[in-house]
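Trainee: The listed protein sequences derive, respectively, from chains Y and L. If you read the first sequence in the numbering used here, its first letter stands for residue 1, the second for the next number, and so on. If you read the second sequence in the numbering used here, its first letter stands for residue 358, the second for the next number, and so on.
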Amino acid sequence: MSAVETTPAAGMPRTGQPLLRLENVVKHFPITSGIVFQKKVGAVRAVDGVDLEVYPGETLGLVGETGCGKSTLARVAMRLFDVTDGKVWFDGKDITHVKGDELQALRRDMQMVFQDPYASLNPRKTIGTIIGAPLRLHRTVSKQKVKPEVQELMRLVGLNPEHYNRYPHEFSGGQRQRIGVARALALKPRLIVCDEPVSALDVSIQAQILNLLADLQSELKLTYLFIAHDLSVVKHVSTRVSVMYLGKIVELGDKEALYDEPKHPYTGALLSAVPIADPHLAKQKNRIILEGDVPSPINPPSGCRFHPRCYKAQERCSVEEPLLRPLGKPGHIAACHFPLEARIIEGVPEIEPESTP
Amino acid sequence: MPDPLLEVKDLKVHFPTEDGLVKAVDGLSFTLKAGETLGVVGESGSGKSVSFLTVMGLIGRKSAIIEGEVLFQGQDLVQMTNEELREIRGAKIAMIFQDPMTSLHPFYKVGDQIAEMILAHEDIPKKEAGQRAVEMLRRVNIPQPDERAEQYPHEFSGGMRQRAMIAMALSLNPDLLIADEPTTALDVTVQAQILGLIDRLQSEFNTAVALITHDLGVVAEYCDQIQVMYAGRIVEEGTADDIYYRPMMPYTWGLLRSIPRLGHELDRLTPISGSPPSLIFLPDGCTFSPRCPYVFDECHVVEPDLLPVDGHHAARCHLSLEDRERIVRDEVLATT
Chain Y
1 MSAVETTPAA GMPRTGQPLL RLENVVKHFP ITSGIVFQKK VGAVRAVDGV
51 DLEVYPGETL GLVGETGCGK STLARVAMRL FDVTDGKVWF DGKDITHVKG
101 DELQALRRDM QMVFQDPYAS LNPRKTIGTI IGAPLRLHRT VSKQKVKPEV
151 QELMRLVGLN PEHYNRYPHE FSGGQRQRIG VARALALKPR LIVCDEPVSA
201 LDVSIQAQIL NLLADLQSEL KLTYLFIAHD LSVVKHVSTR VSVMYLGKIV
251 ELGDKEALYD EPKHPYTGAL LSAVPIADPH LAKQKNRIIL EGDVPSPINP
301 PSGCRFHPRC YKAQERCSVE EPLLRPLGKP GHIAACHFPL EARIIEGVPE
351 IEPESTP
Chain L
358 MPDPLLEVKD LKVHFPTEDG LVKAVDGLSF TLKAGETLGV VGESGSGKSV
408 SFLTVMGLIG RKSAIIEGEV LFQGQDLVQM TNEELREIRG AKIAMIFQDP
458 MTSLHPFYKV GDQIAEMILA HEDIPKKEAG QRAVEMLRRV NIPQPDERAE
508 QYPHEFSGGM RQRAMIAMAL SLNPDLLIAD EPTTALDVTV QAQILGLIDR
558 LQSEFNTAVA LITHDLGVVA EYCDQIQVMY AGRIVEEGTA DDIYYRPMMP
608 YTWGLLRSIP RLGHELDRLT PISGSPPSLI FLPDGCTFSP RCPYVFDECH
658 VVEPDLLPVD GHHAARCHLS LEDRERIVRD EVLATT
């Protein structure tokens with residue numbers, strides 16, 4: 001595990017033991033055939049051996065394409081799915097197989113914010129009921145105190161507490177996401193898993209939610225596992241960033257190191273594919289266009305899983321699977337036999353507004 | 358200079374509803390030349406999709422009140438009958454949509470769907486149309502196009518479905534391709550493939566492209582001309598350099614300051630306060646005034662015109678040019 005220890009990022013000292021630790025986590029979904037007698041004919045290897053540590057107070061970003069297993073990984077960490085193999089530790093305790101009351105107690109410490117603020121709120125319940133549901137279920141406060149507590153939460157996330165009795169359809173997308181955040185905060189969790197929390201929102205609203213999450217983090221000392229496919233958003237919110245490809249972490253490092261000097265060709269390709277909202281900078285960047293699509297996780301390629309699409313692949317890549325190893329700055333690890341050396345995105349060009357005609 | 362390919366003059370699209378008149382597009386004017394790429398940026402509800410659906414003649418005249426002119430190669434599309442429109446739709450103006458799964462028919466083979474489009478406009482044998490469909494699939498880089506043409510949409514990945522849509526849209530070599538959020542549902546790597554493909558085919562076919570998106574990154578990389586839309590009208594238009602290095606409208610500033618941008622890292626984003634206005638009860642004066650941090654008295658009374666800043670760069674704002682230049686220099690570019 002020592003490979004993952006990194007220098008503390010500014011303002012966020014990374015102390016001692018991780019809050020969440022995944023140890024060689026594997027999650028396979030069986031594929032069965034037959035109607036009466038189902039037999040297993042294969043498995044979707046959604047998560048296939050992941051080691052990951054999330055330290056208290058940090059935001060760990062997790063990026064990857066659709067189907068790379070990032071949401072499955074989050075659900076495994078939350079104990080919403082049982083692992084096929086491996087271990088999950090929370091605050092130094094093995095939670096891989098906890099059940100019943102113990103699991104219930106664990107849920108208080110880890111909550112989730114979902115992508116779609118339309119689908120994740122019950123349209124037939126008032127938002128007072130929605131935000132108060134965790135309080136009622138876990139009985140952390142007495143019945144009479146639920147309403148004032150919920151209204152306090154609403155104030156905290158920037159909603160008008162007088163809207164307690166309104167229904168989700170009366171709110172805009174951004175406000176709904178605030179409701180989702182308030183619900184996640186109700187039990188005063190220590191870890192919040194944000195699964196694409198802003199991808200369904202309009203650009204001008206995204207910033208409001210991102211700022212809210214940042215404020216809550218410093219106010220309530222929260223730890224985030226932040227999943228998104230938008231690399232600019234992930235860079236903005238994260239302390240460290242990990243890149244996932246086909247069920248495995250291929251690169252992890254402090255965000256500056258990872259974005260400035262990516263080591264894994266896949267990270268390089270992802271970065272080069274991000275449209276940059278700056279015409280000059282966009283023209284300067286190294287363009288790497290990946291061919292084809294992500295292979296099926298049912299039958300992943302041999303050796304390095306990225307080799308069929310990799311522009312640097314050599315014979316060794318199809319035979320020998322590269323392991324995560326330290327590369328570049330301390331705490332920066334990547335799984336590649338032939339790591340990148342060049343930068344993908346150059347620094348900001350100096351633009352003088354006066355110089356334009 | 359040749360006549361513009363598309364000229365929209367004071368287009369208004371209003372939908373009568375039980376709650377009142379929804380002014381989805383309210384006084385839109387612009388021109389698009391052959392071979393040019395126009396980026397249309399705006400949030401949901403800014404009217405960017407409705408205006409181009411109107412250009413395609415896809416807004417039902419029974420459900421909407423359409424005023425103004427849409428001149429395509431000199432002919433007014435708004436005045437055309439459905440039969441006349443059908444001649445143009447597909448053959449001269451083609452459109453691709455955000456969600457390629459819902460735009461392809463799940464029951465028919467992909468090749469047949471492309472061939473159907475060709476057969477609707479050209480009197481050629483079915484077999485030849487099929488061959489042309491395969492050829493189009495090849496041109497959009499679909500591997501083994503002859504086998505793929507025999508498959509159904511569910512057998513394609515998201516990126517391939519969007520390629521198939523592009524193949525269909527370009528199969529009759531249209532003069533104008535309208536791409537409505539073509540990559541929003543796709544991963545970044547696939548997005549780069551698709552946008553690169555549109556870019557390449559555009560120069561091959563000399564097609565004009567209207568790229569509708571909410572992503573400021575996408576327009577920065579691929580568009581010559583950019584329109585920023587807000588509440589049914591254009592609030593700023595200009596070249597990419599104008600919009601990114603010398604924006605002249607507070608809404609554009611707000612957009613640039615509220616997104617995390619690679620290469621321009623900020624500790625904190627500056628969101629635009631409030632939410633977009635209701636299209637039924639538009640605010641008096643400037644539509645952006647309720648959310649604008651630089652608002653003053655006049656903004657609540659008179660709507661500013663889209664006035665030229667220089668060349669083709671124009672913006673709607675009451676602030677004096679000097680003030681705006683100062684704000685851009687000291688606040689907007691300094692913080693982005």
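C-beta atoms are modelled at their ideal positions from N, C-alpha and C, and glycine is treated no differently.
At which residue ranges does the stretch 595-673 of chain L contain complete beta strand (DSSP E) runs of 3 or more residues, listed in the order of the chain?
Mentor: Within the stretch 595-673 of chain L, the complete beta strand (DSSP E) runs of at least 3 residues are 663-667 and 670-673.
Trainee: Name, please, each residue of chain Y whose Cβ falls closer than 7 Å to the Cβ of aspartate 544/L.
Mentor: If you number the second sequence from 1, residue 544/L lands on position 187. The answer, in chain order, is Glu65, Thr66 and His229.
Trainee: Please compile the residues from chain Y whose C-beta is within a distance smaller than 8 Å of the C-beta of serine 460/L.
Mentor: Numbered from 1 along the second sequence, position 103 holds the residue referred to as residue 460/L. Correct list: empty, because the minimum Cβ distance to chain Y is about 19 Å.
Trainee: Is lysine 235/Y close to chain L, meaning its C-beta is less than 8 Å from at least one C-beta of that chain?
Mentor: Stepping through the first sequence from its first residue, residue 235/Y is reached at position 235. Lysine 235/Y counts as touching chain L.
Trainee: Could you give the first and the last residue of the continuous alpha helix (DSSP H) run that contains arginine 681/L?
Mentor: In the second sequence, counting from the first residue as 1, residue 681/L sits at position 324. That run of the alpha helix (DSSP H) goes 678-684.
Trainee: Tell me which residues of the stretch 657-674 of chain L have at least one Cβ-Cβ distance to chain Y shorter than 9 Å, keeping chain order.
Mentor: Cβ contacts with chain Y: Asp667 and Gly668.
Trainee: So which residues of chain L does leucine 290/Y contact, with C-beta pairs closer than 9 Å?
Mentor: Within the first sequence, residue 290/Y is the residue found at index 290, counting from 1. Chain L residues near leucine 290/Y: Thr546, Val547, Ala549 and Gln550.
Trainee: For serine 238/Y, count neighbouring Cβ atoms within 10 angstroms of its own Cβ and tell me buried if that reaches 16, exposed if not.
Mentor: To locate residue 238/Y, count along the first sequence from 1; it is residue 238. By the neighbour-count rule (16 or more Cβ atoms within 10 Å), serine 238/Y is buried.
Trainee: What three-state label does DSSP hand arginine 45/Y in the structure shown?
Mentor: Position 45 of the first sequence, counted from the start, is the residue given in the question as residue 45/Y. Looking at arginine 45/Y - three-state DSSP - the assignment turns out to be strand.
Trainee: Measuring only the C-alpha atoms, how far is valine 193/Y from methionine 154/Y?
Mentor: The residue given as residue 193/Y occupies position 193 in the first sequence. The residue given as residue 154/Y occupies position 154 in the first sequence. Between valine 193/Y and methionine 154/Y, the C-alpha separation is close to 20 Å.
Trainee: Any idea what DSSP makes of tyrosine 245/Y, helix, strand or coil?
Mentor: Within the first sequence, the letter at position 245 stands for residue 245/Y. Correct three-state label for tyrosine 245/Y: strand.
Trainee: Contact criterion: CB-CB distance below 8 Å. Does serine 238/Y meet it with respect to chain L?
Mentor: By one-based count along the first sequence, residue 238/Y stands at place 238. Not one chain L Cβ lies under 8 Å of serine 238/Y.
Trainee: Taking the straight line between their C-alpha atoms, what separation do you get for proline 308/Y and leucine 191/Y?
Mentor: Here residue 308/Y corresponds to residue number 308 of the first sequence, with the count starting at 1. Here residue 191/Y corresponds to residue number 191 of the first sequence, with the count starting at 1. Roughly 37 Å between the two C-alpha positions.
Trainee: Chain Y partners of valine 575/L, CB-CB under 8 Å?
Mentor: One-based indexing of the second sequence puts residue 575/L at position 218. Residues of chain Y passing the Cβ test: Pro275.
Trainee: Could you tell me the alpha carbon to alpha carbon distance between alanine 472/L and leucine 527/L, rounded to whole angstroms?
Mentor: For this step, residue 472/L is matched to residue 115 along the second sequence. For this step, residue 527/L is matched to residue 170 along the second sequence. Between alanine 472/L and leucine 527/L, the C-alpha separation is close to 12 Å.
Trainee: Need the endpoints of the beta strand (DSSP E) that tyrosine 509/L sits in, please.
Mentor: Reading the second sequence from its first residue, position 152 is the one you call residue 509/L. Per DSSP, tyrosine 509/L belongs to no beta strand (DSSP E) and is neither H nor E.
Trainee: Apply the 10 Å Cβ neighbour rule to valine 41/Y and answer buried if 16 or more other Cβ atoms are within range, or exposed otherwise.
Mentor: Along the first sequence, read from residue 1 onward, the residue named residue 41/Y stands at position 41. It is exposed - the Cβ of valine 41/Y has fewer than 16 other Cβ atoms within 10 Å.
Trainee: Taking only runs that begin and end inside the stretch 230-275 of chain Y, name each unbroken beta strand (DSSP E) of 3 or more residues, in chain order.
Mentor: Segments of the beta strand (DSSP E) lying fully in the stretch 230-275 of chain Y: 240-245 and 248-254.
Trainee: Give every residue of the same chain whose Cβ lies closer than 8 Å to the Cβ of threonine 66/Y, excluding the five residues on either side of it in the sequence, and list them in chain order.
Mentor: For this step, residue 66/Y is matched to residue 66 along the first sequence. Taken in chain order, the residues that qualify are His229 and Val294.
Trainee: Going along the chain, which residues of its own chain have a beta-carbon closer than 7 Å to the beta-carbon of alanine 577/L, five neighbours each way excluded?
Mentor: Walking along the second sequence from the start, residue 577/L turns up at place 220. Only Ala597 and Tyr601 meet the Cβ criterion.
Trainee: My guess is that aspartate 581/L and glutamate 393/L are in contact by the Cβ rule of under 8 Å, so how many angstroms apart are they, rounded?
Mentor: Within the second sequence, the letter at position 224 stands for residue 581/L. Within the second sequence, the letter at position 36 stands for residue 393/L. 6 Å between Cβ atoms; contact.
Trainee: Can you name the start and end residues of the beta strand (DSSP E) that asparagine 24/Y belongs to?
Mentor: What you label residue 24/Y is simply residue 24 of the first sequence in a count that begins at 1. Per DSSP, asparagine 24/Y belongs to the beta strand (DSSP E) from 20-33.
Trainee: So which residues on chain L does leucine 270/Y lean against when the C-beta distance must stay under 7 Å?
Mentor: Here the question's residue 270/Y lines up with position 270 in the first sequence. Those are Val545 and Thr546, listed as they occur along chain L.
Trainee: According to DSSP, is aspartate 687/L helix, strand or coil?
Mentor: In the second sequence, counting from the first residue as 1, residue 687/L sits at position 330. Three-state DSSP puts aspartate 687/L in a helix.
Trainee: Got a sec? Which residues, its chain only, sit under 6 Å from methionine 12/Y by beta carbon, not counting five neighbours each side?
Mentor: Locating residue 12/Y in the first sequence gives position 12, counting from the first residue. At methionine 12/Y, the pLDDT of 42 sits below 50, so the modelled position is not reliable and the matter cannot be decided from this model.
Trainee: Strictly under 8 Å for the Cβ-Cβ distance: is methionine 358/L near chain Y by that measure?
Mentor: Within the second sequence, numbered from 1, the residue matching residue 358/L stands at position 1. Note that methionine 358/L has pLDDT 47, beneath the 50 cutoff, so the model's placement of it is unreliable and no number is given.
Trainee: Work out the CA separation of threonine 570/L and isoleucine 333/Y for me, nearest whole Å.
Mentor: Your numbering for residue 333/Y matches position 333 in the first sequence. Your numbering for residue 570/L matches position 213 in the second sequence. Computed Cα separation, rounded: 36 Å.
Trainee: Does the stretch 67-77 of chain Y touch the stretch 43-50 of chain Y, meaning 3 or more C-beta pairs lie closer than 8 Å?
Mentor: The stretch 43-50 of chain Y, when compared against the stretch 67-77 of chain Y, does touch it at the 8 Å Cβ threshold.
Trainee: Using CA coordinates, which residue listed in Lys483/L, Ile481/L, Gly447/L and Glu688/L is at the minimum distance from glycine 611/L?
Mentor: Start at 1 with the first residue of the second sequence, and residue 611/L comes out as number 254. Ranking Lys483/L, Ile481/L, Gly447/L and Glu688/L by Cα distance to glycine 611/L puts Glu688/L first.
Trainee: Where does serine 560/L land, buried or exposed, given buried means 16+ other C-beta within 10 angstroms?
Mentor: Reading the second sequence from its first residue, position 203 is the one you call residue 560/L. Serine 560/L is exposed by the Cβ-count criterion.
Trainee: Starting from proline 373/L, trace the beta strand (DSSP E) in both directions and tell me its first and last residue.
Mentor: By 1-based counting over the second sequence, the position of residue 373/L is 16. Run containing proline 373/L: 363-374, per the beta strand (DSSP E) assignment.
Trainee: Nearest by alpha-carbon distance to serine 514/L: which of Leu529/L, Glu504/L, Met493/L and Val547/L is it?
Mentor: For this step, residue 514/L is matched to residue 157 along the second sequence. Checked all of Leu529/L, Glu504/L, Met493/L and Val547/L; the closest Cα to serine 514/L is Val547/L.
Trainee: Considering only the alpha carbon of each residue, which of Leu573/L, Gly642/L, Val592/L and Asp641/L lies closest to serine 615/L?
Mentor: In the second sequence, the residue the question calls residue 615/L occupies position 258. Ranking the options by Cα distance to serine 615/L, first place goes to Leu573/L.
Trainee: Kindly provide the ranges of any beta strand (DSSP E) runs that are 3 or more residues long and lie completely inside the stretch 392-441 of chain L, ordered along the chain.
Mentor: Taking only runs of at least 3 residues, the beta strand (DSSP E) segments lying wholly in the stretch 392-441 of chain L are 394-398 and 422-429.
Trainee: What did DSSP end up calling threonine 140/Y once you bin it into helix, strand or coil?
Mentor: Reading the first sequence from its first residue, position 140 is the one you call residue 140/Y. It is coil, neither helix nor strand.
Trainee: Please report the straight-line C-alpha distance between threonine 358/Y and valine 44/Y, rounded to a whole angstrom.
Mentor: Limits of chain Y in this structure are 1 at one end and 357 at the other, which puts residue 358/Y out of reach.
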